[in-house]
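Asks:
There are 2 protein chains.
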Amino acid sequence: MEIPTGSYDYTSYNKFVDFLDQLRQSALHGCQLDPAISLVAGISGGPDSLCLLDSLHRLGFRVIVAHFDHALRPESGAEAALVSEMAAQRGLPFATAREDVTAFAREQHLSIEEAARTLRYRFLFGVARRVGAQAVAVGHNADDQVETVLMHLLRGSGLAGLKGMSSRSLQEGWDTSIPLVRPLLDFWRVQIEEYCRDQGLSPVQDASNQDTTYFRNRLRHELIPLLQDYNPQVKQVLRRTANVLAGDAEVLASASAQAWEDLLEEFLPGACALKADGLLALPVGLQRMVMRRAIAGLRPGLRDIDFDTIERALAFAARPSRSRSLDLVQGLTLLRDGNHLFVTEAGVVPGDAGRPQVPDGLVLSLEIPGQVIFGDGWVLRAERYEADADYSAAGVWEAWLDAEKIDATLEVCASSPGERFQPLGMNGRSQKLSDFWINVGLPRRARRGWPLVFSSGQVAWVPGYRLDHRFRVGETSKRLVRLSLIKNPA
Amino acid sequence: MEIPTGSYDYTSYNKFVDFLDQLRQSALHGCQLDPAISLVAGISGGPDSLCLLDSLHRLGFRVIVAHFDHALRPESGAEAALVSEMAAQRGLPFATAREDVTAFAREQHLSIEEAARTLRYRFLFGVARRVGAQAVAVGHNADDQVETVLMHLLRGSGLAGLKGMSSRSLQEGWDTSIPLVRPLLDFWRVQIEEYCRDQGLSPVQDASNQDTTYFRNRLRHELIPLLQDYNPQVKQVLRRTANVLAGDAEVLASASAQAWEDLLEEFLPGACALKADGLLALPVGLQRMVMRRAIAGLRPGLRDIDFDTIERALAFAARPSRSRSLDLVQGLTLLRDGNHLFVTEAGVVPGDAGRPQVPDGLVLSLEIPGQVIFGDGWVLRAERYEADADYSAAGVWEAWLDAEKIDATLEVCASSPGERFQPLGMNGRSQKLSDFWINVGLPRRARRGWPLVFSSGQVAWVPGYRLDHRFRVGETSKRLVRLSLIKNPA
Chain A
3 MEIPTGSYDY TSYNKFVDFL DQLRQSALHG CQLDPAISLV AGISGGPDSL
53 CLLDSLHRLG FRVIVAHFDH ALRPESGAEA ALVSEMAAQR GLPFATARED
103 VTAFAREQHL SIEEAARTLR YRFLFGVARR VGAQAVAVGH NADDQVETVL
153 MHLLRGSGLA GLKGMSSRSL QEGWDTSIPL VRPLLDFWRV QIEEYCRDQG
203 LSPVQDASNQ DTTYFRNRLR HELIPLLQDY NPQVKQVLRR TANVLAGDAE
253 VLASASAQAW EDLLEEFLPG ACALKADGLL ALPVGLQRMV MRRAIAGLRP
303 GLRDIDFDTI ERALAFAARP SRSRSLDLVQ GLTLLRDGNH LFVTEAGVVP
353 GDAGRPQVPD GLVLSLEIPG QVIFGDGWVL RAERYEADAD YSAAGVWEAW
403 LDAEKIDATL EVCASSPGER FQPLGMNGRS QKLSDFWINV GLPRRARRGW
453 PLVFSSGQVA WVPGYRLDHR FRVGETSKRL VRLSLIKNPA
Chain B
3 MEIPTGSYDY TSYNKFVDFL DQLRQSALHG CQLDPAISLV AGISGGPDSL
53 CLLDSLHRLG FRVIVAHFDH ALRPESGAEA ALVSEMAAQR GLPFATARED
103 VTAFAREQHL SIEEAARTLR YRFLFGVARR VGAQAVAVGH NADDQVETVL
153 MHLLRGSGLA GLKGMSSRSL QEGWDTSIPL VRPLLDFWRV QIEEYCRDQG
203 LSPVQDASNQ DTTYFRNRLR HELIPLLQDY NPQVKQVLRR TANVLAGDAE
253 VLASASAQAW EDLLEEFLPG ACALKADGLL ALPVGLQRMV MRRAIAGLRP
303 GLRDIDFDTI ERALAFAARP SRSRSLDLVQ GLTLLRDGNH LFVTEAGVVP
353 GDAGRPQVPD GLVLSLEIPG QVIFGDGWVL RAERYEADAD YSAAGVWEAW
403 LDAEKIDATL EVCASSPGER FQPLGMNGRS QKLSDFWINV GLPRRARRGW
453 PLVFSSGQVA WVPGYRLDHR FRVGETSKRL VRLSLIKNPA
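First to last, the sequence lines map onto chains A and B.
When you read off a place in the first sequence, starting at 1, and then add 2, the result is the number in the working numbering.
When you read off a place in the second sequence, starting at 1, and then add 2, the result is the number in the working numbering.
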């Protein structure tokens, strides 16, 4: 540990040592950081972030300073310079980027706040990937945690929101293997401000913290002081509640995963089949989680599945009406057939008849453009497109690939034992197809003949499920290939 | 359904029908009430309770009207008369009682509010038992639910508090088989008040609802309106959150029961042994629940085991210090020995050496006063006491019985197969000793020779565990017998 520079009295020195001791514990255990591996710290220039930078560096962690310039206020350039200067004084690597948040918000139909957050985290995780960092660290503190819990409570949220933020978590949207860590989550704002004062750090008080919205500010300055009038310890109480609920949520997640495994009969593209009796025998909390997961599996983009939808679905599962089907949400339907409960896309007929199968040993050549026909009326088609084609509404039975990365002639056949591929979204990690089948819930009897598209012997697409990482479309792609699998009416 | 009397317009009639329809669903499904069996309704005279009385009666439920007169305000006698009158008008049975709440509060060191609540529920469940009612119904509404959730949030509570009140629950403290039900829990206060107005009911607006304390009133009139300014739907949101969390809590309870069963090695009087490695392999939420249950098992009276105590215990379990023991709470100690984790009373040595065993076939006669010696230095002693003896600090190795209910000479021996007794606290229901052993966690090898005290062939005491219901001390007991089991130092 480095001895602080500047003048200080004995009391503040003791406080400083206590602060760093507690932070070390939190960084090593809560955040599970390894002092030998670099980490990216997102530094806005505000008190939390300057304290994070200074304290982690003093404790010997290998900090890479990253500053995202939101360019929303005239002084943002000066703030970037301040952070860069702090990094230079300490001999730390510095990365920065400046993007047009307003334009991005307009393009993506996001609020300024969401757009800023998206670009900022995209930048931070981009830096982390480039330098091989173990984690991205941000400066959220215990007051932020309390405000987050209250915000979720007021807006309506189950355990997932009430448990607040975690010291360490994987945010699949940003990266599937690099975690987000919050080493300051156990420290109150006043402690952090005192640290900054005592260590002579000069934070930008108005540093653009885009999370600090009007709503959050009202909580901070109006609601929390009122709640302290009901219970002076309310902040401590809410932080502890979040902590306890986080533990409970973990238990629930594991119970839910077990229930899902027990109840899932199959998860085909467009249709999920569950054991109805098993579902109804579960505690209602687990029934909700399983139903939620079935819907989320078919509608991955659907945020916040409505509570009423889940309740209607469970009521129907328990007492199917004579019509035997229920409209759920966004075109999904719930069907009960004997002991099977199906969540399906409109028009998908659940059951074996709907499954594409390639006869054993058959290898089909697929020209681009061109098509092959196999099995029971199934057609695999390849077409060429320009880079500006709009494929935002692509379904599971189609895939868009970078034309320069694949062969001019592809092959369609079933898998061989031990086959591997790199499922998109796993950052280029490879997985055995046999494990992939289990994860996605394809029933055993459908696996052997499931059609795959190969380019130079590598799996390029698993129809209905996943593109291979190596063939994905990127910002530099010049031409595209669209693959699609359809069933011709008999 | 009875047609309402009095004048009403079409709209209010429709509302009335909707109200009763929804209440019927709630009573039949949420509360699981059987229309053919009587139920006791606690009627204070306030709007909720009058609505409860009137609506359940109209729906054809067999209501027994019960009013507890807290005698805290001069007008309480008139309120009792009003409720009695309402019951008479409808031809319903009526029960009432009047007790000195203030004196009871002083005697029992309770707040007036707690004392009133204790006496009221004791009365309601007493009536329910006497008449063989299926349930006790009370008038809590959706606003009460929201206030309860907020109260628990502000005072610090995990899921157990945040889930609020249930439509149907067993309150072991009041009765182990008659549930408390809340048919109005899904109705807002304004709906209930409107019902009273439309049906010409005249509630006592100041009816002594002892739950409506100053704290709750402030929530109602100050905090909730402010929260509605943040989110106009906040009441609906909080009610739904309670509903969702109740489902989650049920899942957790079942996961926790499973973990307890898997981890418990033995639960002897004064010592609980857990498998340390199994405990540490669990998600931290379950670790907390198991540790909490072990402590609660040894200190049944201990309310709200402190969060820090649990965290210290788990930290010790993971990394026992060189001292190998940790002071927990109220004289309990945590020890780790190899893969065994013991929560023990101070002075209790865990392990086989500490267990009393009566040799096979041996039957000892125990005079009162007198003593018998058996096994490895164990002494069972019987003494006589007057009724005013103070036995408030009695431990698990002693029992106090009504001298008039037992024989002058008792017998001490081990159990025979199929033995039954009436464990105290089960309202006189009898249980097989073999099932009792499983519940309390006595290891199999200790069961066979465990000493029992018999009077006229009936089990009177299971040392270390439980008195028999039939021999308990009551308010009319004139003389007492103290039984105790001790181990003489070798």
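All C-beta atoms, glycine included, are put in the ideal place defined by N, C-alpha and C.
The model shown is predicted, which means the values in this text are computed figures rather than measured ones.
Helix, strand or coil for residue 178/A, going by three-state DSSP, please let me know.
Replies: To locate residue 178/A, count along the first sequence from 1; it is residue 176. In this structure, residue 178/A counts as coil in the three-state DSSP scheme.
Asks: May I ask you to list, following chain order, the residues of the stretch 248-267 of chain A that have a beta carbon less than 7 Å from some beta carbon of chain B?
Replies: Cβ contacts with chain B come from 249, 250, 252, 253, 254, 256, 257.
Asks: Give the residues from the stretch 287-303 of chain B that approach chain A closer than 7 Å (Cβ to any Cβ), ordered along the chain.
Replies: Correct list: 287, 288, 290.
Asks: CB residue 43/B to CB residue 133/B, shorter than 9 Å?
Replies: Taking the first residue of the second sequence as 1, we reach residue 43/B at position 41. Taking the first residue of the second sequence as 1, we reach residue 133/B at position 131. No; because the gap between Cβ atoms is not below 9 Å, this pair is not in contact.
Asks: Could you pull the DSSP bridge partners for residue 380/B from this structure?
Replies: Against the second sequence, residue 380/B aligns to sequence position 378. Beta-bridge pairing links residue 380/B to 376/B, 489/B.
Asks: If you pair each beta-carbon of the stretch 163-173 of chain A with each one of the stretch 30-37 of chain A, do three or more pairs fall below 8 Å?
Replies: Yes: at least three Cβ pairs fall under 8 Å.
Asks: May I ask you to list, following chain order, the residues of the stretch 355-377 of chain A that have a beta carbon less than 9 Å from some beta carbon of chain B?
Replies: Going along the stretch 355-377 of chain A in chain order, one finds no residue with a Cβ nearer than 9 Å to chain B.
Asks: Compute the Euclidean distance between the alpha carbons of residue 165/B and residue 240/B, then round it to the nearest angstrom.
Replies: The residue labelled residue 165/B in the question sits at position 163 within the second sequence. The residue labelled residue 240/B in the question sits at position 238 within the second sequence. Each residue's alpha carbon lies about 10 Å from the other.
Asks: Measure from the alpha carbon of residue 14/A to the alpha carbon of each residue in 153/A, 156/A, 300/A, 202/A, then state which is nearest.
Replies: Taking the first sequence and counting its residues from 1, one reaches residue 14/A at position 12. Closest option to residue 14/A, Cα to Cα, is 202/A.
Asks: Start and end of the beta strand (DSSP E) containing residue 477/B?
Replies: Taking the second sequence and counting its residues from 1, one reaches residue 477/B at position 475. From DSSP, residue 477/B is part of no beta strand (DSSP E); its letter is neither H nor E.
Asks: Between the alpha carbons of residue 372/B and residue 163/B, how many angstroms are there, rounded?
Replies: Taking the second sequence and counting its residues from 1, one reaches residue 372/B at position 370. Taking the second sequence and counting its residues from 1, one reaches residue 163/B at position 161. Taking the straight line from one Cα to the other gives about 49 Å.
Asks: With H, G and I counted as helix, E and B as strand and the rest as coil, what does DSSP make of residue 458/A?
Replies: Mapped onto the first sequence, residue 458/A falls at position 456. Three-state result, residue 458/A: coil.
Asks: Taking just the CA atoms, how far does residue 62/B sit from residue 388/B?
Replies: Against the second sequence, residue 388/B aligns to sequence position 386. Against the second sequence, residue 62/B aligns to sequence position 60. Taking the straight line from one Cα to the other gives about 52 Å.
Asks: Nearest to residue 282/B by CA position, among 410/B, 272/B, 261/B, is which residue?
Replies: By 1-based counting over the second sequence, the position of residue 282/B is 280. Comparing Cα-Cα distances from residue 282/B to each of 410/B, 272/B, 261/B, the minimum goes to 261/B.
Asks: What separation, rounded to the nearest whole angstrom, lies between the Cα atoms of residue 486/A and residue 68/A?
Replies: Translated into positions along the first sequence, residue 486/A becomes position 484. Translated into positions along the first sequence, residue 68/A becomes position 66. In a straight line, the C-alpha of residue 486/A is about 42 Å away from that of residue 68/A.
Asks: So for residue 190/A, helix, strand or coil by DSSP?
Replies: Start at 1 with the first residue of the first sequence, and residue 190/A comes out as number 188. Coil at residue 190/A, not helix or strand.
Asks: May I have the straight-line CA-CA distance separating residue 337/A from residue 285/A, to the nearest angstrom?
Replies: What you label residue 337/A is simply residue 335 of the first sequence in a count that begins at 1. What you label residue 285/A is simply residue 283 of the first sequence in a count that begins at 1. Cα to Cα, residue 337/A sits roughly 21 Å from residue 285/A.
Asks: Output, in chain order, the set of chain B residues within a Cβ distance shorter than 8 Å of residue 160/A.
Replies: Taking the first residue of the first sequence as position 1, residue 160/A is located at position 158. Result: 243, 246, 247, 250.
Asks: Since residue 263/B and residue 342/B should fall inside the 8 Å C-beta cutoff, what is the C-beta to C-beta distance between them, to a whole number of angstroms?
Replies: Residue 263/B sits at position 261 when you count from the first residue of the second sequence. Residue 342/B sits at position 340 when you count from the first residue of the second sequence. Not really, about 17 Å apart at Cβ, beyond 8 Å.
Asks: To the nearest angstrom, how far is the alpha carbon of residue 339/A from that of residue 376/A?
Replies: Sequence index remark: in the first sequence, residue 339/A carries index 337 (1-based). Sequence index remark: in the first sequence, residue 376/A carries index 374 (1-based). Roughly 30 Å separates the two Cα atoms.
Asks: Answer yes or no: do residue 322/B and residue 382/B have a C-beta to C-beta separation smaller than 9 Å?
Replies: Counting from 1 along the second sequence, the entry for residue 322/B is found at position 320. Counting from 1 along the second sequence, the entry for residue 382/B is found at position 380. Against a cut-off of 9 Å, the Cβ pair of residue 382/B and residue 322/B comes out as no contact.
Asks: Could you tell me the boundaries of the alpha helix (DSSP H) in which residue 276/B lies?
Replies: Taking the second sequence and counting its residues from 1, one reaches residue 276/B at position 274. Looking at the DSSP string, residue 276/B is not in any alpha helix (DSSP H); the run it does join, the beta strand (DSSP E), is 273-277.
Asks: Mark residue 493/A as exposed unless 16 or more other C-beta atoms lie within 10 angstroms of its C-beta, in which case mark it buried.
Replies: Residue 493/A cannot be examined here, being either before or after the span of chain A that is shown, 3 to 492.
Asks: Run the CB neighbour count on residue 39/B, radius 10 Å, all protein chains shown included, and call it buried at 16 or more, exposed below.
Replies: Locating residue 39/B in the second sequence gives position 37, counting from the first residue. Label assigned to residue 39/B: exposed.
Asks: Identify whether residue 96/A lies in helix, strand or coil by the three-state DSSP scheme.
Replies: In the first sequence, residue 96/A corresponds to position 94, counting from 1. Three-state DSSP puts residue 96/A in a strand.
Asks: Would you identify the three-state DSSP class for residue 300/B, choosing helix, strand or coil?
Replies: Here residue 300/B is taken as the residue at index 298 of the second sequence, counted from 1. In the structure shown, residue 300/B sits in a helix (DSSP, three-state: H, G or I).
Asks: Where does the unbroken beta strand (DSSP E) through residue 402/B begin, and where does it stop?
Replies: Residue numbering aside, residue 402/B sits at position 400 when the second sequence is read from its first letter. Start and end: 400-404.
Asks: Measure from the alpha carbon of residue 82/A to the alpha carbon of each residue in 93/A, 100/A, 94/A, 95/A, then state which is nearest.
Replies: Taking the first sequence and counting its residues from 1, the one referred to as residue 82/A is at position 80. Closest by alpha carbon: 100/A.
Asks: Would you call the stretch 142-151 of chain B and the stretch 184-203 of chain B in contact, with 3 or more CB pairs under 8 Å?
Replies: Contact holds: three or more Cβ-Cβ distances are below 8 Å.
Asks: Starting from the Cα of residue 94/A, find the closest Cα among 290/A, 45/A, 176/A, 245/A and give me that residue.
Replies: Mapped onto the first sequence, residue 94/A falls at position 92. Residue 45/A is the option with its Cα nearest to residue 94/A.
Asks: Check whether the Cβ atoms of residue 393/A and residue 294/A sit closer than 9 Å, and answer yes or no.
Replies: Position 391 of the first sequence, counted from the first residue, corresponds to residue 393/A. Position 292 of the first sequence, counted from the first residue, corresponds to residue 294/A. Not a contact, by the Cβ cut-off of 9 Å.
Asks: Once the 5 residues before and after residue 493/B are set aside, which same chain residues still bring their CB inside 8 Å of it?
Replies: Because chain B is modelled from 3 through 492, residue 493/B falls outside the range shown and cannot be assessed.
Asks: Pull out every residue of the stretch 304-337 of chain A whose Cβ sits closer than 7 Å to any Cβ of chain B, in chain order.
Replies: Taking 7 Å as the Cβ-Cβ cut-off against chain B, the residues of the stretch 304-337 of chain A that qualify are 309.
Asks: List the residues of chain B whose Cβ lies closer than 8 Å to the Cβ of residue 148/A, in chain order.
Replies: Within the first sequence, numbered from 1, the residue matching residue 148/A stands at position 146. Residues of chain B passing the Cβ test: none, with the nearest at roughly 12 Å.
Asks: Between residue 213/A and residue 72/B, what straight-line distance do the alpha-carbon atoms span, to the nearest angstrom?
Replies: As a working note, residue 213/A is residue 211 in the first sequence. As a working note, residue 72/B is residue 70 in the second sequence. Unreliable positioning characterises residue 213/A in this predicted model, as indicated by a pLDDT of 47, which lies under 50. A coordinate reading is not provided.
Asks: So, does the stretch 84-93 of chain A touch the stretch 227-237 of chain A, judging by three or more C-beta pairs under 8 Å?
Replies: Verdict: no, contact absent.
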